[in-house]
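Undergrad:
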Amino acid sequence: MEFVFLIFLPILAALFIPTLYKRIKGIHTGWFVLLVPVLLFAYYTTFIRTTMEGGHAVSEVQWIPSLGISFVSYIDGLSLLFSLLITGIGALVVLYSIFYLDKNKEKLGNFYVYLLLFMSAMLGVVQSDNVISLYLFWELTSISSFLLIGYWFTRDGSRFGALKSMMITVFGGLMMLGGFILLGIMGGTFSIRELIASSSTFVGHEFFTLALVLVLLGAFTKSAQFPFYIWLPDAMEAPTPVSAYLHSATMVKAGLYLVARFTPIFAASEVWIWLVTGIGLLTLFWGSIFAVKQTDLKAILAFSTVSQLGLIMSLLGAGAITMHTNEDIFTFAMFAAIFHLINHATFKGSLFMIAGIVDHETGTRDIRKLGGLMSIMPVSFTVAFIGSMSMAGLPPFNGFLSKEMFLQSMLAIRHFELFNFATWGVIFPVIAWIASVFTFIYSFYFVFKTFAGKRKDAPLPHEPHEAPVGMLISPVILATLVVAIFFIPNVVGKWLVKPAVMAIQPYQYSHPSEVGIHVSAWHGFASVELWMTVGIIIIGGLLFLSLSKWQKVYAIQPEYLSLNSLYDASMIFSEKGMNRLSRFYMTGLIRTYFLYIFAFISVTTIAVLFIQDAFVVDMNSFSKVSAYGVVNAIILLLAVVFVLLSKTRLGAIISLGAVGYSVALFFVIFKAPDLALTQLVIETVSVALFLLAFQHLPKLSDHGEKKSNKVVNAIIALGIGVTVTLVALSSHSNKLVASISQYYKDTVATEAGGGNIVNVILVDYRGFDTLFEIAVLAIAGIGVLGMIKLRLARKENPDENK
Numbered sequence: 000m001e002f003v004f005l006i007f008l009p010i011l012a013a014l015f016i017p018t019l020y021k022r023i024k025g026i027h028t029g030w031f032v033l034l035v036p037v038l039l040f041a042y043y044t045t046f047i048r049t050t051m052e053g054g055h056a057v058s059e060v061q062w063i064p065s066l067g068i069s070f071v072s073y074i075d076g077l078s079l080l081f082s083l084l085i086t087g088i089g090a091l092v093v094l095y096s097i098f099y100l101d102k103n104k105e106k107l108g109n110f111y112v113y114l115l116l117f118m119s120a121m122l123g124v125v126q127s128d129n130v131i132s133l134y135l136f137w138e139l140t141s142i143s144s145f146l147l148i149g150y151w152f153t154r155d156g157s158r159f160g161a162l163k164s165m166m167i168t169v170f171g172g173l174m175m176l177g178g179f180i181l182l183g184i185m186g187g188t189f190s191i192r193e194l195i196a197s198s199s200t201f202v203g204h205e206f207f208t209l210a211l212v213l214v215l216l217g218a219f220t221k222s223a224q225f226p227f228y229i230w231l232p233d234a235m236e237a238p239t240p241v242s243a244y245l246h247s248a249t250m251v252k253a254g255l256y257l258v259a260r261f262t263p264i265f266a267a268s269e270v271w272i273w274l275v276t277g278i279g280l281l282t283l284f285w286g287s288i289f290a291v292k293q294t295d296l297k298a299i300l301a302f303s304t305v306s307q308l309g310l311i312m313s314l315l316g317a318g319a320i321t322m323h324t325n326e327d328i329f330t331f332a333m334f335a336a337i338f339h340l341i342n343h344a345t346f347k348g349s350l351f352m353i354a355g356i357v358d359h360e361t362g363t364r365d366i367r368k369l370g371g372l373m374s375i376m377p378v379s380f381t382v383a384f385i386g387s388m389s390m391a392g393l394p395p396f397n398g399f400l401s402k403e404m405f406l407q408s409m410l411a412i413r414h415f416e417l418f419n420f421a422t423w424g425v426i427f428p429v430i431a432w433i434a435s436v437f438t439f440i441y442s443f444y445f446v447f448k449t450f451a452g453k454r455k456d457a458p459l460p461h462e463p464h465e466a467p468v469g470m471l472i473s474p475v476i477l478a479t480l481v482v483a484i485f486f487i488p489n490v491v492g493k494w495l496v497k498p499a500v501m502a503i504q505p506y507q508y509s510h511p512s513e514v515g516i517h518v519s520a521w522h523g524f525a526s527v528e529l530w531m532t533v534g535i536i537i538i539g540g541l542l543f544l545s546l547s548k549w550q551k552v553y554a555i556q557p558e559y560l561s562l563n564s565l566y567d568a569s570m571i572f573s574e575k576g577m578n579r580l581s582r583f584y585m586t587g588l589i590r591t592y593f594l595y596i597f598a599f600i601s602v603t604t605i606a607v608l609f610i611q612d613a614f615v616v617d618m619n620s621f622s623k624v625s626a627y628g629v630v631n632a633i634i635l636l637l638a639v640v641f642v643l644l645s646k647t648r649l650g651a652i653i654s655l656g657a658v659g660y661s662v663a664l665f666f667v668i669f670k671a672p673d674l675a676l677t678q679l680v681i682e683t684v685s686v687a688l689f690l691l692a693f694q695h696l697p698k699l700s701d702h703g704e705k706k707s708n709k710v711v712n713a714i715i716a717l718g719i720g721v722t723v724t725l726v727a728l729s730s731h732s733n734k735l736v737a738s739i740s741q742y743y744k745d746t747v748a749t750e751a752g753g754g755n756i757v758n759v760i761l762v763d764y765r766g767f768d769t770l771f772e773i774a775v776l777a778i779a780g781i782g783v784l785g786m787i788k789l790r791l792a793r794k795e796n797p798d799e800n801k
């Protein structure tokens, strides 16, 4: 079996979840769901040996071959790393949710369907080799995350957060699609591997920079980079398992994956390096500062996630410099980015779960009401302490290693001489250091304000106690990995990080062993990053101890000057503006909408005909018009005029019938008796129906229309008539391909076994078209029957309508 189908395994499993949820009441639905990520994780581990040896695996299923679009599962070091994170963290999140979500109170059928849908979408994003299928899965992550964030849809905050995330990420996705299309135009393919291989041929293309910016917009919106980060804190309204999964290990990492995957294509541009590095550092700085302002545990973690994503993004930008220099330090930065991505998934996942445990067991996430929980919840405190210290960048935890590598990479940028980095690069380590100080503060703020000190006098909604063992298993596993990775970083580097770096830098390396990075916790007293860390600890510690004295400075900023207020104002303005605009042209009259449609068709079609010089009339192939045809044409025109000028309903019906019968006569004149017979039958039935419903037809009226409106109607009607005539003449005179009629003549008897060419075309050649037309008529008939019965029922029971 092609392993590309494994991407869709979670979706396939989701089809059975509603049935399991309804039929099996005694067992939590999560136990069935847990099998999916566990099996996928076990399967994807079998690829580790392949990627460690510098290989990859490809599985392909054709989708739209004519357009070069297919589902291609491409597993190399980078996609394997993300696939393991998606399924591994996914399994721990499902296990956690089994104990976090009450099977008797929550709609678990919905929850797990959404979660599995998201899992498939993320696997599709990281394994797709075709940019169009990547975009399809990308938007599926936005839709499924919208459903997950809005899971508690009765809450205003959940609906608002879900809509906000959808608006921002879908906007970015559409921009990204534009970039992908431009890449396809430049490279002549939609395959990412082929685009990377031929990227040197279109680096100087006029669309290159535009495609670069559009792709980055998609990455920045999804990975919550400044100024698009504002959706992430509001997404914290989702259940904690969702926050732990989407916002620490998977969805927000999709943008990082996109940047890493397209680095070989775009890193040749200084725009890419400056934007990725600069926006990443700005996001790190901004998120770390505003994390200290928050009072909700998940809000603190949300802003900390923003800052950590910015850190990884800036490292990806620094790592892209390897396209312009052979210095190992910039490969070191790329290594650090991937390494910290793994570390962040472990410590942030555990911290989100602890925040959920605190909320679950105390009834609040407000840090101002918490404190003194250390002795009551010792296991939770231990996990929170390990995760927070790793996030702060302290030993012996994995975050310390990647944080040191981050500082070393930012120091190295100062010496890169291209693109003005030698001038402006000096501010990079300064920004990195300040942001790291605030990272230290919010890490201590999270754990010690929650668990240390004395308990507040005000009682909590729930009497606090340690979480059940089942709820602690997942965060304990993640906390164990946090410590373990510190002691075996080079094992993780060899198995996962180096193959991923090689996948990002295929020009530099042909085997992961060539990535000569060795991670160590000690670099000697002469290392600058060591003393930067010492300064972070000292300054950060002093600021944390005096937090109550300076935290009030955040109140100086007016709320209306925030990015959230700008977003809200833009949404309100858009809504009001769209309402005014729609009220202007949405009159509620069908004839008005027809005017818009016909006017647009007429103007654009005639313009294209003449601009493209496509209007040509060749009268050599025209049939000769007999005297009968001229007389019939005059009768037809007169009948049409009578329909328009008729003052009575009966006169209009008779004139309309004359139009139809005149058309039938044309078919007779041009020797098409079958069409003539069909036209006669249809016209007879139509006139009969009009006469049967005569008493119920509305009286003819001009509805008090102004003369100016009538003139406009006449102009547009004339324009449509001219348009259709010109198109008919032009298409008849510009036959670019041979008429298909000869094919019908040759095959109607031999292939279809029929004698009447029209009937065979309707039934055989365009059978599906005819079938759908019949289906539409049947549906319309059922609808009419339903409305008639509803009306009769109301007449029979008038009291029920009151």
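Those letters in the sequence shown? Residues 0 to 801, by numbering that gives the first Met the number 0.
Ideal Cβ placement from N, Cα and C applies to all residues, glycine included.
All figures in this text were calculated on a predicted structure; none of them were measured in a lab.
Using DSSP with H/G/I as helix, E/B as strand and the rest coil, what is Glu1?
TA: Along the sequence shown, one-based indexing puts residue 1 at 2. Residue state, collapsed to three classes: coil.
Undergrad: So, do the stretch 405 to 424 and the stretch 518 to 528 have three or more beta carbon pairs nearer to each other than 8 Å?
TA: As far as the Cβ criterion goes, the stretch 405 to 424 touches the stretch 518 to 528, which means the pair count is three or higher.
Undergrad: In three-state terms, what does DSSP make of Phe170?
TA: Stepping through the sequence shown from its first residue, residue 170 is reached at position 171. If DSSP states are grouped into helix, strand and coil, Phe170 belongs with the helices.
Undergrad: Note down, in chain order, each residue of its chain lying with its Cβ closer than 7 Å to the Cβ of Lys801, except the 5 sequence neighbours on either side.
TA: For the purposes of this step, residue 801 is taken as the residue at position 802 of the sequence shown. Confidence at Lys801 is low in this model, with a pLDDT of 49, below 50, so the placement of that residue is unreliable and no value is reported for it.
Undergrad: Would you mind listing the alpha helix (DSSP H) stretches within the stretch 108 to 172 that are 4+ residues and don't spill past its ends, in chain order?
TA: Counting whole runs of 4 or more residues, the stretch 108 to 172 contains the alpha helix (DSSP H) stretches 130 to 148.
Undergrad: Where does the unbroken beta strand (DSSP E) through Val747 begin, and where does it stop?
TA: Within the sequence shown, the letter at position 748 stands for residue 747. Premise fails: Val747 is in no beta strand (DSSP E) and is neither H nor E.
Undergrad: Suppose the cutoff is 8 Å on Cβ atoms and the five residues either side in sequence are ignored; what does the same chain contact list for Arg192 look like?
TA: Start at 1 with the first residue of the sequence shown, and residue 192 comes out as number 193. These residues qualify, in order along the chain: Tyr73 and Asp128.
Undergrad: Under the DSSP definition of a beta bridge, which residues are partnered with Ile63?
TA: Position 64 of the sequence shown, counted from the start, is the residue given in the question as residue 63. DSSP lists Ile68 as partners of Ile63.
Undergrad: DSSP three-state call for Ala692: helix, strand or coil?
TA: Counted from its first residue, the sequence shown places residue 692 at position 693. Here Ala692 sits in coil by DSSP.
Undergrad: So which of Ala457, Ala332 and Lys347 has the shortest CA-CA distance to Gly515?
TA: As a working note, residue 515 is residue 516 in the sequence shown. Closest option to Gly515, Cα to Cα, is Ala332.
Undergrad: Can you tell me whether DSSP reads Asp673 as helix, strand or coil?
TA: The residue labelled residue 673 in the question sits at position 674 within the sequence shown. Helix at Asp673.
Undergrad: Tell me the rounded alpha-carbon separation between Ala483 and Ile356.
TA: Residue 483 sits at position 484 when you count from the first residue of the sequence shown. Residue 356 sits at position 357 when you count from the first residue of the sequence shown. Spanning the two alpha carbons is a distance of roughly 23 Å.
Undergrad: Going by DSSP in three states, Val251 sits in which element: helix, strand or coil?
TA: For the purposes of this step, residue 251 is identified with residue 252 of the sequence shown, where counting begins at 1. Here Val251 sits in helix by DSSP.
Undergrad: Excluding the 5 residues preceding and the 5 following Tyr627 in the sequence, name in chain order all residues of the same chain whose CB lies nearer than 6 Å to its CB.
TA: Within the sequence shown, numbered from 1, the residue matching residue 627 stands at position 628. Once the five neighbours on either side are set aside, the close Cβ partners of Tyr627 are Ile668.
Undergrad: Mind checking Ala748: buried by the 16 CB within 10 Å criterion, or exposed?
TA: By 1-based counting over the sequence shown, the position of residue 748 is 749. By the neighbour-count rule (16 or more Cβ atoms within 10 Å), Ala748 is not buried but exposed.
Undergrad: I'd like to know whether the C-beta of Tyr584 is nearer than 8 Å to at least one C-beta of chain B.
TA: The structure shown contains no chain B; it is built from a single protein chain.
Undergrad: Could you tell me the distance, in whole angstroms, from the CA atom of Gly217 to the CA atom of Val490?
TA: For this step, residue 217 is matched to residue 218 along the sequence shown. For this step, residue 490 is matched to residue 491 along the sequence shown. Straight-line Cα distance between these residues: approximately 33 Å.
Undergrad: Ignore the nearest five residues each way along the sequence and tell me which others in Trp30's own chain have a CB closer than 7 Å to its CB.
TA: The count along the sequence shown starts at 1 and reaches residue 30 at position 31. So the list reads Ile97, once near-sequence residues are dropped.
Undergrad: State the beta-bridge partners of Asp295 as determined by DSSP.
TA: Against the sequence shown, residue 295 aligns to sequence position 296. Asp295 pairs with Asp365.
Undergrad: Which residues in the same chain have their Cβ closer than 6 Å to the Cβ of Phe621, if we skip the five residues on either side of it in sequence?
TA: By one-based count along the sequence shown, residue 621 stands at place 622. Excluding positions up to five away in sequence, the list is empty.
Undergrad: If Ala391 and Phe338 are in contact, beta carbons under 8 Å, what's the gap, nearest whole angstrom?
TA: Here the question's residue 391 lines up with position 392 in the sequence shown. Here the question's residue 338 lines up with position 339 in the sequence shown. Not quite, the Cβ-Cβ distance comes to about 17 Å (not below 8 Å), so this is no contact.
Undergrad: Using alpha carbons as the reference points, say which of Leu789, Pro263, His464 and Gly469 lies closest to Leu372.
TA: Along the sequence shown, one-based indexing puts residue 372 at 373. Comparing Cα positions, the closest option is His464.
Undergrad: For Lys551, report the span of its alpha helix (DSSP H) as first-last.
TA: For the purposes of this step, residue 551 is identified with residue 552 of the sequence shown, where counting begins at 1. Segment: none, Lys551 is in no alpha helix (DSSP H) and carries neither H nor E.
Undergrad: Identify whether Lys801 lies in helix, strand or coil by the three-state DSSP scheme.
TA: Taking the first residue of the sequence shown as position 1, residue 801 is located at position 802. With a pLDDT of only 49 at Lys801, under the threshold of 50, the placement of this residue in the model should not be trusted, and no figure is reported.
Undergrad: Could you pull the DSSP bridge partners for Ser190 from this structure?
TA: Locating residue 190 in the sequence shown gives position 191, where the first residue counts as 1. Answer is Asn129, bridged to Ser190.
Undergrad: For a test of the three-state rule: what should DSSP assign to Phe57, helix, strand or coil?
TA: Your numbering for residue 57 matches position 58 in the sequence shown. Reading off the sequence shown, one finds Val at residue 57, where the question assumed Phe. Here Val57 sits in strand by DSSP.
Undergrad: My parser needs the alpha helix (DSSP H) runs of 4 or more residues fully inside the stretch 352 to 410; what are they?
TA: 377 to 391, all fully within the stretch 352 to 410.
Undergrad: Find the nearest neighbour of Leu257 within the set Phe572, Ser199 and Val275, judged by alpha-carbon distance.
TA: On the sequence shown, position 258 is the one that residue 257 refers to. Here the closest residue by C-alpha is Val275.
Undergrad: Going by the DSSP bridge assignment, what does Ile74 pair with across the sheet?
TA: Within the sequence shown, residue 74 is the residue found at index 75, counting from 1. DSSP, once it has assigned bridges, lists Ala56 as partnering Ile74.
Undergrad: Pick from Asn397, Tyr134 and Ala411: whose alpha carbon is nearest that of Ile180?
TA: Mapped onto the sequence shown, residue 180 falls at position 181. Considering only alpha carbons, the answer is Tyr134.
Undergrad: Please report how far the alpha carbon of Val783 lies from the alpha carbon of Glu682, in whole angstroms.
TA: If you number the sequence shown from 1, residue 783 lands on position 784. If you number the sequence shown from 1, residue 682 lands on position 683. Cα-Cα distance, rounded: 22 Å.
Undergrad: Grouping DSSP H, G and I as helix and E and B as strand, with all else coil, what is His323?
TA: Within the sequence shown, numbered from 1, the residue matching residue 323 stands at position 324. Here His323 sits in coil by DSSP.
Undergrad: So, is Gly25 buried or exposed, given that buried needs 16 or more other C-beta atoms within 10 angstroms?
TA: One-based indexing of the sequence shown puts residue 25 at position 26. When all chains shown are included, Gly25 counts as exposed.
Undergrad: Taking Cβ positions, are Tyr70 and Val60 nearer each other than 8 Å?
TA: Locating residue 70 in the sequence shown gives position 71, where the first residue counts as 1. Locating residue 60 in the sequence shown gives position 61, where the first residue counts as 1. Per the sequence presented here, residue 70 reads as Phe, with Tyr not at that position. Cβ distance < 8 Å, so Phe70 and Val60 count as in contact.
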